[in-house]
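Visitor:
Residue numbers (our numbering), protein chains in the order written: chain A, 1 to 376; chain B, 377 to 752.
1. Output the distance between the C-alpha atoms of residue 555/B and residue 55/A, rounded to the nearest integer angstrom.
2. Between which residues of its own chain and residue 729/B is the CB-CB distance below 8 Å, once the five residues before and five after are set aside?
3. Which value, in whole angstroms, describes the spacing of the CA atoms of residue 115/A and residue 63/A?
4. Does DSSP put residue 314/A in a helix, in a strand, or in coil?
5. By the three-class DSSP mapping on this structure, what secondary structure does residue 499/B have?
6. Might you give, ordered along the chain, the residues of its own chain that have their beta carbon closer than 7 Å to the beta carbon of residue 220/A, omitting 5 neighbours on each side?
7. Note down, in chain order, all residues in the segment 37-60 of chain A with a beta-carbon under 9 Å from any beta-carbon belonging to chain B.
8. As a quick exercise: from 87/A, 118/A, 160/A, pick the residue whose alpha carbon is nearest that of residue 141/A.
9. Give the DSSP-derived three-state secondary structure of residue 432/A in the structure shown.
10. Give me whichever residues DSSP pairs with residue 659/B in a beta bridge.
11. According to DSSP, which residues form a beta bridge with residue 408/B?
12. For residue 401/A, write down the residues that DSSP places opposite it in a beta bridge.
13. From what residue to what residue does the alpha helix (DSSP H) around residue 614/B run?
14. Can you check DSSP and say which residues form a bridge with residue 519/B?
15. Looking at residue 394/B and residue 380/B, is the spacing between their C-beta atoms short of 8 Å?
16. By DSSP, does residue 276/A sit in helix, in strand, or in coil?
17. So that I know if they touch, is there some Cβ in chain B lying closer than 8 Å to that of residue 68/A?
18. Tell me, please, which residues DSSP counts as bridged to residue 434/B.
19. What does a CB cutoff of less than 7 Å around residue 153/A pick up in its chain, not counting 5 residues either side in sequence?
20. What three-state label does DSSP hand residue 685/B in the structure shown?
21. Use the C-beta contact count for residue 120/A: other C-beta atoms within 10 angstroms, 16 or more gives buried, fewer gives exposed.
22. So what does DSSP say about residue 85/A, is it helix, strand or coil?
23. Does the beta-carbon of residue 615/B have 16 or more other beta-carbons within 10 angstroms, so that it is buried, or is it exposed?
24. Alpha carbons only, please: which of 731/B, 720/B, 741/B is nearest the one belonging to residue 407/B?
25. State the CB to CB distance for the pair residue 150/A and residue 224/A, rounded to an integer number of angstroms; the pair is presumed to be in contact (CB under 8 Å).
26. What is the rounded straight-line gap between the Cα of residue 23/A and the Cα of residue 185/A?
27. Is residue 381/B helix, strand or coil when you go by DSSP?
28. So is residue 169/A in contact with chain B if we call contact Cβ pairs under 8 Å?
29. Opposite residue 25/A in the DSSP bridges: which residues?
30. When you compare only the Cα positions, how much space is there between residue 322/A and residue 591/B?
31. Under 8 Å between the Cβ atoms of residue 176/A and residue 131/A?
32. Based on the DSSP output, what are the partners of residue 594/B in its beta bridges?
33. In whole angstroms, what is the alpha-carbon distance linking residue 411/B and residue 340/A?
34. Using only alpha-carbon positions, find the residue among 612/B, 566/B, 557/B that is nearest to residue 544/B.
35. For residue 325/B and chain A, any beta-carbon pair shorter than 8 Å?
36. Would you mind stating whether residue 212/A and residue 173/A have Cβ atoms separated by less than 8 Å?
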């Protein structure tokens with residue numbers, strides 16, 4: 001994996017770059033649609049490519065490990081081939097889901113015991129086997145196995161957890177470096193900064209993670225319930241330490257406003273289920289602001305969903321039609337909303353990138369934050 | 377509406393024709409995807425046009441009457457404009473749903489009282505108001521309000537019901553002819569033959585319906601549980617009476633084999649929820665036969681869903697991937713299966729048409745019935 005920094009904004013810390021992987025390039029800043037079980041919910045692969053213009057998508061190791069499983073993945077020739085997506089893929093480590101989805105999980109120095117959300121069966125994740133599983137899934141980018149602390153988190157727990165995450169990272173790197181990819185392309189391992197909302201822990205973690213000198217660095221443990229201001233403060237602090245010549249990935253973030261603010265702090269990569277999950281529930285992100293399509297006010301609004309975006313669904317369908325579909329639980333409603341929202345997210349990243357290159361990012365960002373932060 | 381009969385098969389009663397409406401032409405034999413609430417479930421309008429190559433779709437008056445309602449439809453400028461579909465639309469009369477979905481319905485000579493499946497509210501359908509509702513929805517083709525008898529049905533009830541359906545048809549025609557379409561195009565009213573599975577009633581009904589001399593004729597009350605042989609016998613009998621120079625529409629039919637057999641009996645138009653509903657449940661229609669994708673045998677079958685059809689999803693995705701999606705309740709599974717099935721249905725109609733024109737329909741049909749009737 002290669003990262004070329006093409007432009008750095010002078011008035012903010014925003015950066016425009018390009019990541020090169022064996023499955024093609026990724027223009028940063030980038031948003032990565034989440035394809036939990038090997039499918040971005042409600043969106044065809046062709047639409048991801050042609051409408052959304054996604055350059056990289058995510059898979060969730062926790063879900064793919066449980067079903068269809070790593071042995072299956074090997075037989076399928078890896079996730080790209082299995083799902084029919086030949087651009088880059090990133091897989092998370094399963095850590096986040098183990099903590100958020102699994103009941104009766106037991107965290108030890110060795111790893112984590114947890115019960116499957118599907119059938120209650122018992123499973124174990126360790127830094128080593130999570131590397132092996134991600135080798136089997138075959139993402140171009142794979143994530144270190146970490147503990148994601150909840151918010152709020154007391155200092156002592158946050159510190160101990162962070163230290164264990166650092167020890168786990170060493171084990172991840174060892175296993176990763178002594179194994180090879182199973183398919184005909186290179187994988188990169190991203191380490192993850194933790195440290196909850198404590199400045200000294202975040203500094204310590206950022207320095208430790210940076211010292212591993214991997215291809216890029218990620219920031220975890222944010223967007224877990226803390227106020228946006230705390231998230232921005234931690235992101236800013238960590239970005240000030242992470243090396244400039246490597247991509248920075250802020251995990252699980254966020255709203256369009258979050259993305260714009262964090263780009264300004266120096267983040268290059270984002271992922272979030274919000275555009276698809278909230279879309280299915282009727283939240284629509286448009287170039288004019290955010291819409292709750294279930295509101296009565298849209299019932300007879302026959303104007304296009306978002307005529308400015310240039311996306312098929314935004315031009316072709318009205319707010320009233322989408323509302324009718326969502327209110328009547330029609331599958332197509334979720335499809336249209338997901339397609340609109342993802343297209344909007346990717347468009348926002350491309351616009352941001354262009355303005356970074358053009359040198360007027362800050363002005364544009366301030367205008368856009370007001371616009372996309374607005375509830376219509 | 378205009379119907380031109382282009383070719384009649386010499387060895388069967390199959391016909392190839394073309395229907396001209398104000399929203400464009402329909403090449404027959406044709407299959408019409410069902411868009412119950414103004415959406416063909418799981419399929420974008422663009423996909424219906426470009427992948428499925430649908431030439432006409434259905435809306436259900438019962439559902440659209442309850443939500444969003446006829447007054448809303450008028451404000452929306454009719455169904456075409458509301459849903460973003462500018463090719464022909466057919467709406468049924470709501471009769472079938474009143475009998476199959478509504479509890480506590482009460483049938484009188486005047487019309488039918490029924491309770492909404494949504495909120496239990498009381499509603500009344502009469503031949504007159506069903507014409508008004510379909511004027512408001514604005515289908516290019518609208519259906520007469522009839523009673524669809526169940527199977528089995530005793531002779532006396534079937535006879536009385538059929539006679540009432542004929543009286544209702546007269547009222548439908550009167551109302552239809554004394555009103556005008558609300559939008560800038562012409563609507564056609566299709567009457568419906570009833571008579572359950574009784575030869576003499578079917579003959580009587582076909583003669584009566586034909587005597588109304590409308591733009592086309594439909595056959596109802598079949599595919600309601602009777603053996604396929606009875607359905608074919610009734611279809612054959614009715615087709616022998618209905619005029620040759622008008623399209624014949626067999627309502628609610630059916631499997632690919634049903635379609636092929638009924639084309640051979642002289643049917644021109646079909647509709648059925650099977651390709652989408654069964655698709656969402658994992659039944660896949662392919663050029664090689666029918667697949668239940670939930671079967672274990674497809675778990676590791678990484679071959680394309682249907683490489684012969686030329687449809688995007690059939691070439692791009694494997695059986696194993698579709699199985700994974702369907703087994704894990706991923707929305708995309710239903711989308712892929714629906715797209716494959718509808719594309720297959722429309723392809724089958726175009727193939728049939730070409731073979732009718734070429735004069736080798738019977739031979740082809742017999743081969744295809746074996747093939748598409750096969751469970752893989």
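Glycine residues also receive a C-beta, built at the ideal position from the N, C-alpha and C atoms.
Guide: So, to answer that:
1. 55 Å
2. 392, 403, 404, 405
3. 12 Å
4. helix
5. strand
6. 146, 148, 192, 193, 194, 251
7. 37, 38, 39, 40, 41, 42, 43, 44, 45, 46, 47
8. 87/A
9. What the structure shows of chain A is the stretch from 1 to 376, and residue 432/A is not part of that stretch, so it cannot be assessed.
10. 668/B
11. 647/B
12. Coverage of chain A is limited to positions 1 through 376, which leaves residue 401/A absent and any answer about it impossible.
13. 604-617
14. 566/B
15. yes
16. helix
17. yes
18. 410/B, 466/B
19. 196
20. coil
21. exposed
22. coil
23. buried
24. 720/B
25. 6 Å
26. 8 Å
27. strand
28. no
29. 20/A
30. 34 Å
31. yes
32. 568/B, 625/B
33. 22 Å
34. 566/B
35. Residue 325/B lies beyond the range of chain B shown here (377 to 752); nothing can be said about it.
36. yes
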